[in-house]
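Engineer:
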Amino acid sequence: MPSLQVEGMTHYFGGLRAVHGYDLRVEPGQIRGLIGPNGAGKTTIFNLVTGRYTPTEGRITLEGEEITGLEPHKIASKGLGRTYQNLRLWRHMTVLEHVKLARYSKIGYGLVGAFFGTSRRHREEAEIEERANTLLELVGARHFADQVVTSLPYGAQRRVELARALATEPKILLLDEPTAGMNLEELVQMMDIVRRIHDELGLAIFLIEHRMKIVMELCDVIQTLVFGQVIAEGTPNEIQRNPAVIDAYLGKDVVT
Amino acid sequence: MGVESGAIPVKAGRMGSLVSKARAWYSGVPLLGWLLGVLVAVALEHILGRRVARALGMSKEPVLFGFVTMLRDPALLPSAVLYVLLIYLLPIAAVARLTAQLTNRLAATLLSLSSGVSSAVHLGLIYGALHLWSDLSDYRLLLVRLTLIAIMVTLSLNLVNGYMGEFSCSHPGFMALGAYTASVFTVILFVDDRVFGAPLLALPPLLGQFVFPIALILGGVVAALGALLVAVPSFRTRGDYLAIVSLAFMFIVKSLIENLEIVGGPRGLQGQPDWANLPTVFLWAVACIWIINNFVRSTLGKALNAVRDGEMAANAMTVDTRRTKMVAFLFAAFWAGVAGGLFAHVLRYVNPGTFDLKKLAEVLAMVYLGGLNSVMGSIVGAVGFNLLSEALRPLQIIKWMIIPVLLILVMIFRPTGLIAFREFDVQELIRPKGEPQQH
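Residue numbers (the working numbering), protein chains in the order written: chain A, 344 to 599; chain B, 21 to 459.
1) Thinking G376/A and V558/A are a contact (beta carbons under 8 Å), I'd like their distance in whole angstroms, please.
2) Using 8 Å as the threshold, is the region 383 to 395 of chain B in touch with the region 265 to 278 of chain B, meaning 3 or more CB pairs across them?
3) Quick one: what's got a C-beta closer than 7 Å to A137/B's C-beta in the same chain, skipping five residues either side?
4) Please confirm whether R474/A has its beta-carbon closer than 9 Å to some beta-carbon of chain B.
5) Can you grab the Cα-Cα spacing for the pair Y365/A / Y396/A, in whole Å?
6) So is A361/A in contact with chain B if we call contact Cβ pairs under 9 Å?
7) Check this for me: beta carbons of A352/B and L197/B, under 9 Å apart or not?
8) Taking three-plus beta-carbon pairs below 8 Å as touching, is the region 436 to 454 of chain A in contact with the region 468 to 477 of chain A?
9) Say the cut is 8 Å; is the CB of T201/B nearer than that to a heavy atom of the ligand SAH?
10) Which of the residues in the region 318 to 331 of chain B, read from start to end, lie with their CB under 8 Å from any CB of chain A?
11) If you reduce the DSSP assignment to three classes, tell me which class T599/A lands in.
12) Would you say D155/B faces chain A, with C-beta separation under 9 Å as the test?
13) Between the alpha carbons of M555/A and V425/B, how many angstroms are there, rounded?
14) For F302/B and R165/B, I'd like the C-alpha separation in whole angstroms.
15) For the region 294 to 321 of chain B, list every residue whose C-beta sits within 8 Å of some C-beta in chain A, in sequence order.
16) Where does V569/A sit, in a helix, a strand or coil, going by DSSP?
17) Just the Cα atoms here: how many angstroms apart are L430/A and N580/A?
18) Spatial neighbours of P174/B within its chain, please: C-beta separation below 6 Å, excluding the five flanking residues on both sides.
19) What first and last residue would you give for the alpha helix (DSSP H) that runs through T344/B?
20) Would you kindly work out how many angstroms separate the C-alpha atoms of G288/B and S203/B, rounded to a whole number?
21) Compile a chain-ordered list of the residues in the region 174 to 191 of chain B whose CB is closer than 8 Å to at least one CB of chain A.
22) Do I548/A and I515/A come within 9 Å of each other at the CB atom, strictly closer than that value?
23) Quick check: is the beta carbon of I540/A nearer than 9 Å to any beta carbon in chain B?
24) Could you compute how far the alpha carbon of L359/A sits from the alpha carbon of G401/A?
25) What do you reckon, are the CB atoms on L84/B and Y103/B nearer than 9 Å?
26) Name the chain B residues whose beta carbon is nearer than 8 Å to that of E468/A?
27) Please go through the same chain and pick out, in chain order, the residues whose beta-carbon is closer than 7 Å to the beta-carbon of D376/B, but skip the five residues on each side of it.
28) Return no unless some Cβ of chain B is closer than 9 Å to the Cβ of R464/A.
29) Which residue from D213/B, E448/B, T300/B, L267/B puts its Cα closest to that of S190/B?
30) Please state the DSSP three-state secondary structure of V369/A.
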């Protein structure tokens, strides 16, 4: 059973057709890439899959269970984690609070526990905190735990966002340009971390990326999107040689 | 900014070193020591206050730290200052410093028993001081109770306007709902009233203390139901909707009550039993602070901050944002309702005119003065605003020029309020300070 499957998804913004007849099948443990020129509809596809928009047509299933049209928080708690292209961190909250909050749907102590500070709450909060610290360790941000996110360097903010997405216990992780705006050092670190979470947690990963080097190195299968339509799908090698992709996106210089 | 901060130390050099010396000297005093000092000072006033006041040329103890006295009769300014120095400042400073070692050891012992026991002892001391202080005049008693109620209202509004980052204007409306519900309940059941006739249950007054919480909770629940009416249409989207809908709600509640002849219409409702005494109000205020503080420090409560700082991301991180907003708004309204019920029973009279724009301005001022997203901020805001408002009362109309100017200054220099975005950590507050902590 595929981790994530999208069949015949089409979406209109008013009269504008942003995505047309999109199909996707991500197998468990696979790393998938989505490339394409600006405005091709890549982020729209993420927003459709995560429930921020409801597709005009089409069907989305997560491990066989249909999630089309569900609210974003329901889809997220069923096991679909994501990060954003332009970081969406909560500016007044600490790093640890970010990661802890992503466990929201797994909290069992309820309002009574929250109001009266029951022993069950203390136990669960301690568990959540331990788990959050492990994840921060994994992305190398443990030493930032008590800092407010806005005081962190950019690369670290990206890693915190990743840890936050992991805390939702995703079965598949959607990364929207995980290396955007990073310098070389941060970039290498981020690639390392993505590989590590893939290996250690066995997650399926679906990522949008503009840096070809990263897409080619990380991904098993790559889709190329132009004007909301997939024009090519294949292994990095196939994509690099595909004349339609070269024409629309890569440009001739890359291959020569 | 840089130039200014460079200039200040030069000017305040000597003062600065004195202040820092005093600060170092007193850094080892735990909260317990300060509270003990306050208690001693208040007890001293009980015993010696009248005599000291007479000796200084005043007819009786200055009622509010000398402010009212000196504003009424500027010639008494030296006496008032001297009184405050002799009765309050010096004893507190002396006791706090001299008993520091003892209180530190005591604080450590209490904390090792359990933080609950330690908190209870601290609260006991606070209550003792408030009780003795307000024992000396009815005015003080009223002020203390109204201030405690103001803390509850401020804190509950901070939940929505600070923690959740929405802008709600309906708190006076919720207070009115709570005040009237609780009042009608107690008046019908327990009081021989003109309108409602003989009491349904002629319970002995002592039992009333046990029924009173039911009346207050009922008031809170009705206020929360009112909040539901506001929340359902306005939480579909973010933005100014809540501000507008909640403002409308406040006016609707006010005119509704004004037109309900059965509860006295614009004339108001009176004759509430005298159950909102100091211990009752104190306990409710403590419960309110404790529960709200518990909530905002839990991960469920932190969801409010996430909704404020980025609702979309919160939703994508499994947070049910709609439910979160509803719960917080209803919860805040509940406490406003309880506070309203207490308010009506403290004054033993309630009329719809109380819950108007002026009340709203007051509550908002307390929230924004004290600081957003902060329990301590709300306490400081409510206490500060109430004391200031009372202290400046002799200035009459000029008071309403001074307070807004102060608010504007706060907004300029601390845009989010005096103590904003700070966690209220009771453990940290009650722990022993200074040397004894090391071993």
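Glycine included, C-beta positions come from ideal geometry on N, C-alpha and C.
Structural biologist: According to the structure shown:
1) Counted from its first residue, the first sequence places residue 376/A at position 33. Counted from its first residue, the first sequence places residue 558/A at position 215. With a Cβ gap of about 4 Å, G376/A and V558/A count as contacting.
2) Taking 8 Å as the limit for Cβ pairs, the verdict is that the region 265 to 278 of chain B does not touch the region 383 to 395 of chain B.
3) As a working note, residue 137/B is residue 117 in the second sequence. It should be pointed out that residue 137/B corresponds to Val in this sequence rather than to Ala. Excluding sequence neighbours, V137/B sits near L130.
4) Taking the first sequence and counting its residues from 1, the one referred to as residue 474/A is at position 131. Chain B contact via Cβ: absent.
5) Stepping through the first sequence from its first residue, residue 365/A is reached at position 22. Stepping through the first sequence from its first residue, residue 396/A is reached at position 53. For the pair Y365/A and Y396/A, the Cα-to-Cα distance works out to about 15 Å.
6) Your numbering for residue 361/A matches position 18 in the first sequence. It does not: the Cβ of A361/A has no partner Cβ on chain B nearer than 9 Å.
7) By 1-based counting over the second sequence, the position of residue 352/B is 332. By 1-based counting over the second sequence, the position of residue 197/B is 177. Contact flag unset, no.
8) Contact holds between the region 436 to 454 of chain A and the region 468 to 477 of chain A, because three or more Cβ pairs, one in each stretch, are under 8 Å apart.
9) As far as ligands go, the structure on display features none, and thus does not contain the ligand SAH.
10) Going along the region 318 to 331 of chain B in chain order, one finds S318, T319, L320, G321, K322, A323, N325, A326, R328, D329, G330 with a Cβ nearer than 8 Å to chain A.
11) Here residue 599/A refers to the residue found at position 256 when the first sequence is read from its first residue. Any reading at T599/A is ruled out, since the residue's pLDDT is 43, under 50, leaving its predicted position unreliable.
12) Locating residue 155/B in the second sequence gives position 135, where the first residue counts as 1. Chain A places no beta carbon closer than 9 Å to that of D155/B, leaving this residue out of the contacts.
13) Counted from its first residue, the first sequence places residue 555/A at position 212. Counted from its first residue, the second sequence places residue 425/B at position 405. In a straight line, the C-alpha of M555/A is about 59 Å away from that of V425/B.
14) Looking up residue 302/B in the second sequence gives position 282. Looking up residue 165/B in the second sequence gives position 145. Cα to Cα, F302/B sits roughly 8 Å from R165/B.
15) Correct list: I311, N314, F315, S318, T319, L320, G321.
16) Translated into the one-based positions of the first sequence, residue 569/A becomes position 226. Three-state result, V569/A: strand.
17) One-based indexing of the first sequence puts residue 430/A at position 87. One-based indexing of the first sequence puts residue 580/A at position 237. C-alpha separation (whole angstroms): 31 Å.
18) On the second sequence, residue 174/B is found 154 positions in, with the first residue counted as 1. According to the sequence provided, residue 174/B is Thr. The question's Pro does not apply to it. The residues are M386, V387, S398, G401, A402.
19) Position 324 of the second sequence holds residue 344/B. Counted as a single uninterrupted DSSP element, the alpha helix (DSSP H) harbouring T344/B occupies residues 341 to 367.
20) Reading the second sequence from its first residue, position 268 is the one you call residue 288/B. Reading the second sequence from its first residue, position 183 is the one you call residue 203/B. So the alpha carbons of these two residues sit roughly 11 Å apart.
21) Hits within the stretch: zero.
22) Indexing the first sequence from 1 puts residue 515/A at position 172. Indexing the first sequence from 1 puts residue 548/A at position 205. Taking 9 Å as the cut-off, the beta carbon of I515/A is found closer than this to the beta carbon of I548/A.
23) Residue mapping note: residue 540/A aligns to position 197 of the first sequence, counting from 1. Contacts with chain B at 9 Å (Cβ-Cβ) do not include I540/A.
24) Position 16 of the first sequence, counting from 1, holds the residue named residue 359/A. Position 58 of the first sequence, counting from 1, holds the residue named residue 401/A. Each residue's Cα considered, the two are about 17 Å apart.
25) Locating residue 84/B in the second sequence gives position 64, where the first residue counts as 1. Locating residue 103/B in the second sequence gives position 83, where the first residue counts as 1. For the 9 Å CB-CB criterion, L84/B and Y103/B do not form a contact.
26) Stepping through the first sequence from its first residue, residue 468/A is reached at position 125. Listed by position along chain B, the residues whose Cβ is nearer than 8 Å to that of E468/A are S318, T319.
27) The residue you call residue 376/B lines up with position 356 of the second sequence. Same-chain partners within the cutoff: P192, K274.
28) In the first sequence, counting from the first residue as 1, residue 464/A sits at position 121. Judged by the 9 Å Cβ criterion, R464/A is in contact with chain B.
29) Within the second sequence, the letter at position 170 stands for residue 190/B. The residue with the shortest Cα to Cα distance from S190/B is L267/B.
30) As a working mapping, residue 369/A is identified with position 26 in the first sequence. It is a strand residue.
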